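Peer 1: Heads up: the sequence shown runs through residues 516 to 592, numbered per my numbering. Here a beta-carbon is modelled for each residue, glycine too, at the ideal position from N, C-alpha and C. As the structure is a prediction and not an experimental result, all values here were calculated from the model. This is the structure I want to talk about, given as C-alpha coordinates.
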Amino acid sequence: MDKRNELIKEWIHKADHDMGMAKLAIEHKIEYADSICFHCQQAVEKYLKAYLVYLNIIFKKTHSLSYLLDLINEGNR
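Take a look at the structure:
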(Lines of atoms letter the chains of each structure in order from A and count residues from 1; the text may use other names and numbers.)
(Lines give C-alpha, C1' and ligand atoms only; values in the text may rest on other atoms or scores of the structure.)
Protein backbone atom coordinates (compact mmCIF):
# COMPACT_ATOMS: atom_id res chain seq x y z
CA MET A 1 0.00 0.00 0.00
CA ASP A 2 1.40 3.42 -0.90
CA LYS A 3 1.97 6.18 1.63
CA ARG A 4 -1.11 8.19 0.61
CA ASN A 5 -3.45 5.23 0.98
CA GLU A 6 -1.88 4.38 4.32
CA LEU A 7 -2.50 7.93 5.55
CA ILE A 8 -6.13 7.76 4.41
CA LYS A 9 -6.53 4.48 6.26
CA GLU A 10 -5.02 6.01 9.43
CA TRP A 11 -7.37 9.02 9.35
CA ILE A 12 -10.39 6.75 8.88
CA HIS A 13 -9.24 4.44 11.66
CA LYS A 14 -8.91 7.38 14.08
CA ALA A 15 -12.29 8.76 13.01
CA ASP A 16 -13.92 5.37 13.54
CA HIS A 17 -12.54 5.35 17.09
CA ASP A 18 -14.06 8.75 17.79
CA MET A 19 -17.41 7.57 16.44
CA GLY A 20 -17.14 4.47 18.60
CA MET A 21 -16.57 6.61 21.69
CA ALA A 22 -19.59 8.76 20.82
CA LYS A 23 -21.76 5.66 20.39
CA LEU A 24 -20.59 4.25 23.72
CA ALA A 25 -21.38 7.53 25.46
CA ILE A 26 -24.87 7.63 23.93
CA GLU A 27 -25.56 4.07 25.04
CA HIS A 28 -24.25 4.76 28.53
CA LYS A 29 -25.69 8.16 29.38
CA ILE A 30 -27.26 10.80 27.18
CA GLU A 31 -26.22 13.30 29.87
CA TYR A 32 -22.74 13.12 28.34
CA ALA A 33 -23.93 15.24 25.41
CA ASP A 34 -20.86 17.48 25.51
CA SER A 35 -18.53 14.49 25.17
CA ILE A 36 -20.74 12.94 22.50
CA CYS A 37 -20.63 16.16 20.45
CA PHE A 38 -16.87 16.46 20.93
CA HIS A 39 -16.19 12.96 19.61
CA CYS A 40 -18.62 13.43 16.70
CA GLN A 41 -16.86 16.67 15.73
CA GLN A 42 -13.49 14.94 15.96
CA ALA A 43 -14.73 12.08 13.78
CA VAL A 44 -16.08 14.42 11.11
CA GLU A 45 -12.81 16.36 11.11
CA LYS A 46 -10.80 13.18 10.58
CA TYR A 47 -13.13 11.84 7.87
CA LEU A 48 -12.79 15.18 6.05
CA LYS A 49 -9.00 15.01 6.34
CA ALA A 50 -9.04 11.48 4.92
CA TYR A 51 -11.09 12.74 1.98
CA LEU A 52 -8.71 15.65 1.44
CA VAL A 53 -5.77 13.24 1.34
CA TYR A 54 -7.74 11.12 -1.15
CA LEU A 55 -8.27 14.24 -3.30
CA ASN A 56 -4.55 15.04 -2.92
CA ILE A 57 -5.35 18.45 -1.39
CA ILE A 58 -2.84 19.82 1.10
CA PHE A 59 -4.33 21.26 4.30
CA LYS A 60 -2.90 23.02 7.32
CA LYS A 61 -3.14 21.67 10.85
CA THR A 62 -6.59 22.75 12.01
CA HIS A 63 -9.76 21.73 13.79
CA SER A 64 -11.94 24.00 11.63
CA LEU A 65 -14.60 22.00 9.80
CA SER A 66 -15.54 25.03 7.69
CA TYR A 67 -11.93 25.40 6.50
CA LEU A 68 -11.76 21.71 5.57
CA LEU A 69 -15.13 21.86 3.79
CA ASP A 70 -14.05 24.97 1.88
CA LEU A 71 -10.96 23.12 0.66
CA ILE A 72 -13.11 20.21 -0.51
CA ASN A 73 -15.50 22.57 -2.31
CA GLU A 74 -12.58 24.33 -4.02
CA GLY A 75 -11.05 20.99 -5.00
CA ASN A 76 -14.28 19.73 -6.55
CA ARG A 77 -14.65 22.67 -8.96
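(1) Excluding the 5 residues preceding and the 5 following Tyr562 in the sequence, name in chain order all residues of the same chain whose CB lies nearer than 6 Å to its CB.
(2) Can you tell me which of Ala537, Glu589 and Ser581 puts its alpha carbon nearest to the alpha carbon of Asp549?
(3) Looking at C-alpha atoms only, which residue of Lys564, Leu570 and Asn571 is the closest neighbour of Tyr582?
(4) Taking the CB atoms as reference points, tell me whether Tyr569 and Ile587 lie closer together than 8 Å.
(5) Straight-line CA distance for Asn571 to Gln557?
(6) Looking only at its own chain, which residues have a Cβ that is under 7 Å from the Cβ of Asp517, when we skip the five neighbours before and after it?
(7) When DSSP labels each residue in this structure, what does Asp549 get in the three-state scheme?
Peer 2: Here's the rundown:
(1) Ala530, listed in sequence order.
(2) Nearest of Ala537, Glu589 and Ser581 to Asp549, Cα basis: Ala537.
(3) Nearest option by C-alpha distance: Lys564.
(4) Against a cut-off of 8 Å, the Cβ pair of Ile587 and Tyr569 comes out as no contact.
(5) Inter-residue distance for Asn571 and Gln557 is about 21 Å (C-alpha atoms, whole angstroms).
(6) Closer than 7 Å at Cβ, skipping near neighbours: no residue.
(7) Shown here, Asp549 sits in a helix according to DSSP, grouped into three states.
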